[in-house]
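Protein chains: 2
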Amino acid sequence: MDYLQDLFEFLKIDTTSAKGKGEEGAKFLVDYMRDHGIQAELIKHKAKNPYVYGEINVKADKTLLIYNHYDVQPVEPLDKWQTDPFNPTVKDGKIFARGAGDDKGTLMARLQAIIDIIKEGKLKVNIKFLYEGEEEIGSPNMEDFLKDYSERLKADYVLWEGSGRAPNNAPQIVLGVKGLLYVELRKRTAKDLHSMYAPIAKNPTWDLVYLLRSLRTEDGKVLIPHFYDKVKWLTEEEKKYLNVDKKYLEDAISQQIKEDNAMIKLVSEPTCNINGIYAGYTGEGSKTVIPSYAFVKLDFRLVPDQDPDEILKHLEEYVSPYDVELIVHGKVKPYRTSINSEIAQALIKSAKTVYSQDPVVLPNSPGTGPMEMIARYLKLNQIADGVGVDYYGSNIHSFNENIFVEDYYKGIQWMKELLKVI
Amino acid sequence: MDYLQDLFEFLKIDTTSAKGKGEEGAKFLVDYMRDHGIQAELIKHKAKNPYVYGEINVKADKTLLIYNHYDVQPVEPLDKWQTDPFNPTVKDGKIFARGAGDDKGTLMARLQAIIDIIKEGKLKVNIKFLYEGEEEIGSPNMEDFLKDYSERLKADYVLWEGSGRAPNNAPQIVLGVKGLLYVELRKRTAKDLHSMYAPIAKNPTWDLVYLLRSLRTEDGKVLIPHFYDKVKWLTEEEKKYLNVDKKYLEDAISQQIKEDNAMIKLVSEPTCNINGIYAGYTGEGSKTVIPSYAFVKLDFRLVPDQDPDEILKHLEEYVSPYDVELIVHGKVKPYRTSINSEIAQALIKSAKTVYSQDPVVLPNSPGTGPMEMIARYLKLNQIADGVGVDYYGSNIHSFNENIFVEDYYKGIQWMKELLKVI
Numbered sequence: 001m002d003y004l005q006d007l008f009e010f011l012k013i014d015t016t017s018a019k020g021k022g023e024e025g026a027k028f029l030v031d032y033m034r035d036h037g038i039q040a041e042l043i044k045h046k047a048k049n050p051y052v053y054g055e056i057n058v059k060a061d062k063t064l065l066i067y068n069h070y071d072v073q074p075v076e077p078l079d080k081w082q083t084d085p086f087n088p089t090v091k092d093g094k095i096f097a098r099g100a101g102d103d104k105g106t107l108m109a110r111l112q113a114i115i116d117i118i119k120e121g122k123l124k125v126n127i128k129f130l131y132e133g134e135e136e137i138g139s140p141n142m143e144d145f146l147k148d149y150s151e152r153l154k155a156d157y158v159l160w161e162g163s164g165r166a167p168n169n170a171p172q173i174v175l176g177v178k179g180l181l182y183v184e185l186r187k188r189t190a191k192d193l194h195s196m197y198a199p200i201a202k203n204p205t206w207d208l209v210y211l212l213r214s215l216r217t218e219d220g221k222v223l224i225p226h227f228y229d230k231v232k233w234l235t236e237e238e239k240k241y242l243n244v245d246k247k248y249l250e251d252a253i254s255q256q257i258k259e260d261n262a263m264i265k266l267v268s269e270p271t272c273n274i275n276g277i278y279a280g281y282t283g284e285g286s287k288t289v290i291p292s293y294a295f296v297k298l299d300f301r302l303v304p305d306q307d308p309d310e311i312l313k314h315l316e317e318y319v320s321p322y323d324v325e326l327i328v329h330g331k332v333k334p335y336r337t338s339i340n341s342e343i344a345q346a347l348i349k350s351a352k353t354v355y356s357q358d359p360v361v362l363p364n365s366p367g368t369g370p371m372e373m374i375a376r377y378l379k380l381n382q383i384a385d386g387v388g389v390d391y392y393g394s395n396i397h398s399f400n401e402n403i404f405v406e407d408y409y410k411g412i413q414w415m416k417e418l419l420k421v422i
Numbered sequence: 001m002d003y004l005q006d007l008f009e010f011l012k013i014d015t016t017s018a019k020g021k022g023e024e025g026a027k028f029l030v031d032y033m034r035d036h037g038i039q040a041e042l043i044k045h046k047a048k049n050p051y052v053y054g055e056i057n058v059k060a061d062k063t064l065l066i067y068n069h070y071d072v073q074p075v076e077p078l079d080k081w082q083t084d085p086f087n088p089t090v091k092d093g094k095i096f097a098r099g100a101g102d103d104k105g106t107l108m109a110r111l112q113a114i115i116d117i118i119k120e121g122k123l124k125v126n127i128k129f130l131y132e133g134e135e136e137i138g139s140p141n142m143e144d145f146l147k148d149y150s151e152r153l154k155a156d157y158v159l160w161e162g163s164g165r166a167p168n169n170a171p172q173i174v175l176g177v178k179g180l181l182y183v184e185l186r187k188r189t190a191k192d193l194h195s196m197y198a199p200i201a202k203n204p205t206w207d208l209v210y211l212l213r214s215l216r217t218e219d220g221k222v223l224i225p226h227f228y229d230k231v232k233w234l235t236e237e238e239k240k241y242l243n244v245d246k247k248y249l250e251d252a253i254s255q256q257i258k259e260d261n262a263m264i265k266l267v268s269e270p271t272c273n274i275n276g277i278y279a280g281y282t283g284e285g286s287k288t289v290i291p292s293y294a295f296v297k298l299d300f301r302l303v304p305d306q307d308p309d310e311i312l313k314h315l316e317e318y319v320s321p322y323d324v325e326l327i328v329h330g331k332v333k334p335y336r337t338s339i340n341s342e343i344a345q346a347l348i349k350s351a352k353t354v355y356s357q358d359p360v361v362l363p364n365s366p367g368t369g370p371m372e373m374i375a376r377y378l379k380l381n382q383i384a385d386g387v388g389v390d391y392y393g394s395n396i397h398s399f400n401e402n403i404f405v406e407d408y409y410k411g412i413q414w415m416k417e418l419l420k421v422i
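These protein sequences, in sequence, are chains U and S. Position 192 of the first sequence, counting from 1, maps to 192 under full-length UniProt numbering, and the rest follow consecutively. Position 294 of the second sequence, counting from 1, maps to 294 under full-length UniProt numbering, and the rest follow consecutively.
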């Protein structure tokens, strides 16, 4: 097995799910796993790109399910790439290729580590592999798949798609995700009016402004009653691993941050954000009009154990005096694995060994994902992310996607170390 | 002189200034005035459509300047007209034609009344006529014209373009206009961000919401310090002529109105209105983003003696802590002629005689116009509107523009009566 050579063969295959490609990559994986003694198959189910399912049963007490995806984002705009995205190129110690960081690199590093461990006869946990081919188009068939295959996927731990380096370059472990409630509030009157009627006519835009203003304080506290009732605030143990200088976050957002504990805020606080707002005349110059229609798009990022359905109820109650139309665009439950769980502790321990430094451990990602759904269907409570090969400059979903060659080997090592301590 | 026949000849001429038409109408007027013994000429100055200027000097002490415009709005969409807009048609007691209400009908009714009075030898005030051909494209050359021709236009009173019936069908007199300050407030950050950064990133949209919320109470009171300092509130005499049932205003705006004194509110209150607001994602469905750019377009309608420059200063001071960009799109000063002035009293008295009912007298229009500019350049303080032939169903600027035949004759009578009592 040539680690990089085999990775490059995989990276060369165009698996852009948004363009209907992927099956060739799935077949490559099945062949690769079988060639190395791992039982593997394609499962079509309802997905256009088949799932790759694999198993190694060493009759251990515990089973680890490894999730990755073999599909990639479209490469456009192609002219911004300095190399051919499907011809992996090593330059300045980095591998440039679509999928290097998200998620083919991590998939292969983990798989190659396991192949090595099998050869050495040292595997002491059963492993199941689930490789999806539709992650980059939103996993539209995943829930149906989980419903029908929950028995087969049964495991004690899930290792999610991968997390390599934190912004401060420490290894990064992620133990959950935030939830989401995405709504649109709309307010209308009968017709647009000349703004001379302002002394006597209602303007739905003002109504929205007053409603919005009452939803949130200027420092971000959400004012909907019971919004924070179910929030599980971070423990001191959880905060210990969030010691990241705010300068890294300032770089990421190109803004200055007042608070020193920015990383803790980022992962622990639920939010109410305005994604978009619109009313009336928005062209050049001026038009005097009282708009008849105004809307605002809001997302609430939720933390464990806030429930989007409960928050929606609180919100509906809160906005009812404002007589607005409320449309729900999305709901995702938050999820968090305990930092004291076996998988979290094994990830922390193995990361310390391989990288000789404390990892950054996010009790949950500031972003959202379907972890709660996985936990629910597979009836388990240990899902974590880590053992990845990407870093904060990997340009995933963008052009010139890349990882460090060194980080690829570190990823292999981390996987091996994890399998020793879990 | 055949009142209607002559009016129709004038209405048949396409004088759509937005399409470069008008000169034919101007020539028609000069000929018509000369034919009836009024000294008249075309003045080109800087305008594309010439001004028509006329004079009757009866060596009286006082001079009345009559302003009208001979140009009209485009007729499109033509398929919505039930008749040919340039072929005046009488139907159900109404005259349908482009310009019937705005402003050719009023122009001709006044002119024909004056011609009659001249014939009768009863004119006891000097009259100057100023007919513009660019009103419907915003009078872009009017200020320059006033500057250069202020001596020639010198007068004691100005009768503005026309006001026929109030919403309750009483004759309507308008003694001024509101002023305007139109601004845009913009707020930016370096770049759009994934909304997962909401706990630590600034969202300029929220900043605008807080700023807007602090500008105005929910019942419309503007909260900028010193905003109301210069407001001249209405006198009891002025309120007396604003006794219009709110149902007419409710019909006009298709909204219910809480206050019984809606007409008083409409003309007397200065306002802060949101004409448009924009930030972030405004398409279908959802996108999770912290917008990097938000703006709002605001108009402040001002009443005498608020000064748009002073209000702008107060506003700039008020928004300075919010660190927004402020762009000024327009400034117009308010204007109000005293209800106790000779022209106001003459209009009220003549209206009562002709219509046998109290007129509605707006101390100022709820809308905006260049009256203050006229007063300033001509150095006079009596400008009023009235003696018009339109009503609230005249569909000016729209399709099926019309006036009542009866109101045309009433307009002629009103003009004659005004000339008796002024």
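Just so it is clear, CB atoms sit at the ideal spot from N, CA and C, and this is done for glycine as well. Predicted, not measured: the structure shown is a model, and the values here were computed from it.
Against chain U, with Cβ distances strictly below 8 angstroms, would residue i count as a contact?
i, result
"D309(S)", "no"
"A18(S)", "no"
"Y318(S)", "no"
"Y281(S)", "yes"
"P77(S)", "no"
May I have the straight-line CA-CA distance separating residue i from residue j, to the nearest angstrom?
i, j, result
"V52(S)", "Y228(S)", "41 angstroms"
"K44(U)", "P50(U)", "4 angstroms"
"L347(U)", "V387(U)", "8 angstroms"
"V72(U)", "P77(S)", "51 angstroms"
"E287(U)", "E143(S)", "The question names Glu, yet the displayed sequence has Lys at residue 287(U). Going by the C-alpha atoms only, they are around 22 angstroms apart."
"S356(U)", "V421(U)", "16 angstroms"
"N94(S)", "E120(S)", "Going by the sequence as given, residue 94(S) is Lys instead of Asn. Approximately 29 angstroms between the Cα atoms of the pair."
"D207(U)", "Y322(U)", "7 angstroms"
"V332(S)", "I224(U)", "42 angstroms"
"K154(S)", "N126(S)", "11 angstroms"
"S195(U)", "N395(S)", "18 angstroms"
"F129(S)", "F10(S)", "17 angstroms"
"L302(S)", "L312(S)", "11 angstroms"
For residue i and chain S, any beta-carbon pair shorter than 8 angstroms?
i, result
"D299(U)", "yes"
"H329(U)", "yes"
"N275(U)", "yes"
"T271(U)", "yes"
"I396(U)", "no"
"S139(U)", "no"
"K287(U)", "yes"
"A166(U)", "no"
Under the DSSP definition of a beta bridge, which residues are partnered with residue i?
i, result
"D6(S)", "Looking at the DSSP assignment, D6(S) forms no beta bridge with any residue, so it has no partner."
"D385(U)", "V174(U)"
"H69(U)", "E132(U)"
"R336(U)", "G176(U)"
"R188(S)", "Y293(S)"
"I56(S)", "I127(S)"
"G280(U)", "G276(S)"
Okay, do the segment 10 to 18 of chain U and the segment 120 to 140 of chain U touch, 3+ Cβ pairs below 8 angstroms being the bar? yes
Does the contact criterion of 3 or more C-beta pairs under 8 angstroms hold for the segment 105 to 114 of chain S versus the segment 401 to 415 of chain S? yes
Members of the segment 241 to 269 of chain U near chain S, C-beta cut-off 7 angstroms: Answer in chain order: L249, I253, S254, Q255, I257, A262, K265, L266, E269.
Evaluate the contact criterion for the segment 87 to 100 of chain U versus the segment 392 to 406 of chain U: three or more CB pairs, one atom per stretch, below 8 angstroms. yes
Which residues, in order along the segment 192 to 207 of chain U, keep a beta-carbon less than 8 angstroms from a beta-carbon of chain S? L193, H194, S195, M196, Y197, A198, P199, I200, A201, K202, N203, T205, W206
Taking a cut of 7 angstroms between CB atoms, which residues from the segment 358 to 372 of chain S lie near chain U? P366, G367
So does the segment 248 to 266 of chain U actually touch the segment 179 to 195 of chain S, counting three or more Cβ pairs closer than 8 angstroms? Contact holds: three or more Cβ-Cβ distances are below 8 angstroms.
Touching by the beta-carbon criterion (3+ pairs, under 8 angstroms), the segment 229 to 238 of chain U and the segment 161 to 176 of chain S: no
Residues in the segment 209 to 238 of chain U having any Cβ partner in chain S nearer than 8 angstroms: V209, Y210, L212, R213, R216, E218, G220
Meets three-Cβ-pair contact criterion under 8 angstroms: the segment 143 to 155 of chain U and the segment 288 to 296 of chain U: no
Beta carbons nearer than 9 angstroms to chain U: which residues of the segment 100 to 130 of chain S have them? none
Measuring CB atoms only, is the segment 267 to 284 of chain S touching the segment 267 to 282 of chain U, in the sense that at least three cross pairs come out at less than 8 angstroms? Touching, yes, given that three or more Cβ pairs across the two stretches are closer than 8 angstroms.
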